[in-house]
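Down below is the structure, laid out as structure tokens.
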Amino acid sequence: MQTIRGFRDILPETIRLWQKVEKEATQLFEAFGFSEIRIPILEKTELFARSIGEATDIVEKEMYTFEDRKGDKLTLRPEATASIVRSYVQHKMYASDPVRKFFMTGPMFRRERPQKGRYRQFYQIDAEVFGIDSPYIDSQLIFILHELFMRLGLTGLFAHINSLGCPGCRPAYQKALLEFLESKKETLCENCLRRMDKNPLRILDCKVIECKGALVDAPSTLDHLCPACTDHFETVKRTLENQGVDFIVDKTLVRGLDYYTRTAWEIQTTTLGAQSAVAGGGRYDKLVAELGGPPTPAIGFAIGFDRLVEVLEQIEAPLEKPLDLFIVSLGETAVEKAYLWSCELNRNNVRTELDFRGKSMKALMKRADKLKARYVLISGENELAQNTVLLRNMATTEQVSLKLDHLVLDLIRIIKK
Ligand code: ATP
Ligand code: MG
């Protein structure tokens with residue numbers, strides 16, 4: 031049996047990096063006042079269709095959607111924002127305090143073409159802020175990403191930022207865009223032509239080379255922002271500059287989800303080839319109301335956890351976690367005693383192993399080497415007869431004889447030194 035295409039096991043060898051990222055991210059989020067939230071993996075299809083948008087790649091072709099036994103249409107979550115907004119509205123969180131900050135980590139599902147950095151089950155670290163429309167929050171979220179990547183020792187990352195405007199400036203922009211698209215009709219792919227009526231903005235994230243070429247000179251949202259959106263964006267940029275966060279204004283960045291307003295961004299790396307986006311985010315000031323809550327500004331981002339780990343793998347040597355102690359126990363009595371000692375040591379955070387397979391002294395010493403044990407405890411019939419064991423420091427090859435009375439305490443003292 032094999033995993034399904036685009037799904038993969040994350041094996042113990044790389045888990046250390048996943049844990050490291052999660053630990054750093056959690057610490058950072060907590061310091062910035064975020065609380066962890068956990069949301070279901072399965073939601074009603076309608077939630078994603080309505081929030082992400084009917085004419086987006088995710089909703090049109092990437093969702094894992096099925097009917098359950100009662101015929102309800104359900105979808106494995108392709109992203110977290112929609113569910114977190116649902117939760118905010120469902121629990122009327124706005125009533126007691128509209129300002130909320132959440133983070134979460136977990137698997138997402140999109141049926142895309144699998145390749146390096148692109149999986150059908152992948153993981154995101156997600157953060158969302160509700161109830162604040164100030165541009166300082168936009169800068170702060172980008173700053174948090176910048177800080178996290180610094181703490182992880184990553185360089186060569188760039189924030190690409192853009193402003194998508196608000197419903198006030200959108201119609202004028204849409205008109206200019208449509209006029210431009212009309213002039214390019216000959217070159218655009220069928221999918222783009224279909225989207226011209228439904229959702230022209232989405233044409234800007236078409237991946238077809240010919241379309242990309244035709245769209246180079248497409249009008250930019252930045253040229254159509256209303257004064258309030260312009261001010262907002264100016265403050266975001268100024269604040270990032272003041273904080274020393276590297277960014278470039280990328281007027282082609284529109285992001286593949288319909289709910290974005292104003293600031294949108296992507297963090298890109300030069301080291302991952304085609305799948306260069308390690309995080310993406312943006313403001314979505316209309317979504318809470320669209321999903322039945324009171325008008326509430328909101329903003330968030332998602333980090334591509336798998337891709338982040340792939341970048342880290344390029345710069346971090348795998349860390350070997352050496353064993354503290356290996357017990358070479360020869361004979362049934364010795365094994366029984368060794369088992370009890372090892373449990374006691376493990377309970378006290380001394381990483382101890384023994385082998386139960388009745389192997390020879392030579393084979394057991396080999397195993398101790400393989401496990402990179404710092405110490406080896408030798409407990410054979412002879413030693414036990416004298417109420418002693420031998421402890422060998424593998425680095426110095428020094429050996430000491432230890433009495434069985436207080437053995438565990440002595441071992442803890444020596445090994446933890
Ligand atoms: P891309 O342009 O690479 O398809 P996206 O815009 O679809 O990314 P978002 O929905 O913004 O991605 O998700 C945020 C992050 O999640 C991305 O920047 C990326 O790092 C990661 N991500 C998205 N899809 C996948 C996937 N199929 N496999 C692995 N990581 C992914
Ligand atoms: Mg995508």
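All you need for this note's numbering is the position in the sequence shown, starting with 1, plus 30.
Glycine residues also receive a C-beta, built at the ideal position from the N, C-alpha and C atoms.
In this text the structure is predicted, and so the values were computed from the model without any measurement.
Exercise. Taking the C-alpha atoms as reference points, what is the distance between Gln416 and Leu439?
Worked result: Each residue's alpha carbon lies about 19 Å from the other.
Problem set entry | Buried/exposed call for His121, threshold 16 Cβ in 10 Å | It counts as exposed.
Exercise. In terms of residue numbering, what span does the beta strand (DSSP E) encompassing Met134 cover?
Worked result: Element bounds for Met134: Arg130 to Phe139.
Problem set entry | Backbone secondary structure at His190 - three-state DSSP | The answer is strand: DSSP assigns His190 an E or B state.
Exercise. Leaving out five residues before and five after Asp399 in sequence, what residues of the same chain have Cβ atoms less than 7 Å from its Cβ?
Worked result: Beyond the five residues adjoining it in sequence on each side, Asp399 comes within less than 7 Å, by CB distance, of no other residue in the same chain.
Problem set entry | Where Thr217 sits in the DSSP three-state scheme | Thr217: coil per DSSP, three-state reduction.
For this session: Answer yes or no: do Leu407 and Ile357 have a C-beta to C-beta separation smaller than 9 Å?
Result: Note that the C-beta distance between Leu407 and Ile357 is below 9 Å.
For this session: Report the option in Phe173, Thr382 and Pro201 whose CA atom is closest to the CA atom of Phe188.
Result: Of the listed residues, the one whose Cα sits closest to Phe188 is Phe173.
For this session: Could you tell me which of Glu97, Ser65, Lys237 and Gly147 sits nearest to Ile114, measuring between CA atoms?
Result: The candidate whose alpha carbon is nearest that of Ile114 is Ser65.
Exercise. So is Lys131 buried or exposed if we call it buried at 16+ other beta carbons inside 10 Å?
Worked result: Counting the other CB atoms within 10 Å of its CB gives Lys131 a total of 16 or more, which places it among the buried residues.
Exercise. If you draw a straight line from the alpha carbon of Leu317 to that of Ala347, how long is it in whole angstroms?
Worked result: Taken atom to atom, the span from the alpha-carbon of Leu317 to that of Ala347 is near 43 Å.
Exercise. Taking 8 Å as the line, does the beta carbon of Arg448 fall inside it for any heavy atom of the ligand MG?
Worked result: The structure shown has nothing for residue 448, since the chain only spans 31 to 447.
For this session: Answer yes if the region 238-245 comes into contact with the region 174-186, meaning at least three C-beta pairs across the two stretches below 8 Å, and no otherwise.
Result: At 8 Å Cβ cutoff, the stretches do not touch.
Problem set entry | Per-residue DSSP class, three states only, for Gln273 | Three-state DSSP puts Gln273 in coil, outside helix and strand.
For this session: Please name the residue, chosen from Ile444, Arg232 and Arg107, that lies closest to Leu218 on a Cα-to-Cα basis.
Result: Looking at the Cα atoms, Arg232 is the closest of the given residues.
Exercise. With burial defined as no fewer than 16 other Cβ atoms inside 10 Å of the residue's Cβ, what is the status of Cys373: buried or exposed?
Worked result: Exposed is the call here.
Exercise. So, is Thr426 buried or exposed, given that buried needs 16 or more other C-beta atoms within 10 angstroms?
Worked result: Under this definition Thr426 is an exposed residue.
Exercise. Would you call the CB atoms of Ile71 and Gly147 closer than 9 Å?
Worked result: No, these two residues do not count as a Cβ contact at 9 Å.
Problem set entry | Inter-stretch contact at 8 Å, needing at least 3 Cβ pairs: the region 291-301 / the region 92-99 | Taking one beta carbon from each stretch, the region 291-301 and the region 92-99 have fewer than 3 pairs nearer than 8 Å; the two do not touch.
For this session: Report yes if the CB atom of Gly36 is closer than 9 Å to the CB atom of Pro108, and no otherwise.
Result: Cβ distance not < 9 Å, so Gly36 and Pro108 don't count as in contact.
For this session: Run the proximity test for Tyr457: is its beta-carbon closer than 8 Å to any non-hydrogen atom belonging to the ligand ATP?
Result: Lying outside 31 to 447, the shown extent of the chain, residue 457 is not represented and no answer is given.
For this session: Please name the residue in Ile40, Gln32, Asp39 and Ile45 whose C-alpha comes closest to that of Lys351.
Result: Nearest in C-alpha terms to Lys351, of all of Ile40, Gln32, Asp39 and Ile45, is Ile45.
Problem set entry | Any C-beta of chain C under 9 Å from that of Gly186 | Among the chains in the structure shown there is no chain C, since it carries only a single protein chain.
Exercise. Using the beta-carbon count (16 or more within 10 Å), is Phe335 buried or exposed?
Worked result: Looking at its Cβ environment, which holds 16 or more other Cβ atoms inside 10 Å, Phe335 is buried.
Exercise. Near Leu255, what residues of its chain come up, given a Cβ to Cβ distance below 7 Å and the 5 sequence neighbours on each side ignored?
Worked result: Counting only Cβ-Cβ distances below 7 Å, and skipping sequence neighbours, we find Ser193, Gly195, Cys199 and Phe263.
Problem set entry | Distance between Glu209 and Pro249 (C-alpha atoms, nearest Å) | The alpha-carbon of Pro249 is positioned some 10 Å away from that of Glu209.
For this session: Please name the residue in Thr293, Arg387, Arg68 and Ile345 whose C-alpha comes closest to that of Leu283.
Result: With distances taken between Cα atoms, Leu283 lies closest to Thr293.
Problem set entry | Cβ pair Ser126, Asp288 closer than 9 Å | No.
For this session: Give the DSSP-derived three-state secondary structure of Asp253 in the structure shown.
Result: Of the three classes helix, strand and coil, the one that applies to Asp253 here is helix, per DSSP.
Problem set entry | N-terminal and C-terminal residue of the alpha helix (DSSP H) that Leu370 is part of | For Leu370, the enclosing alpha helix (DSSP H) covers residues Glu362 to Arg377.
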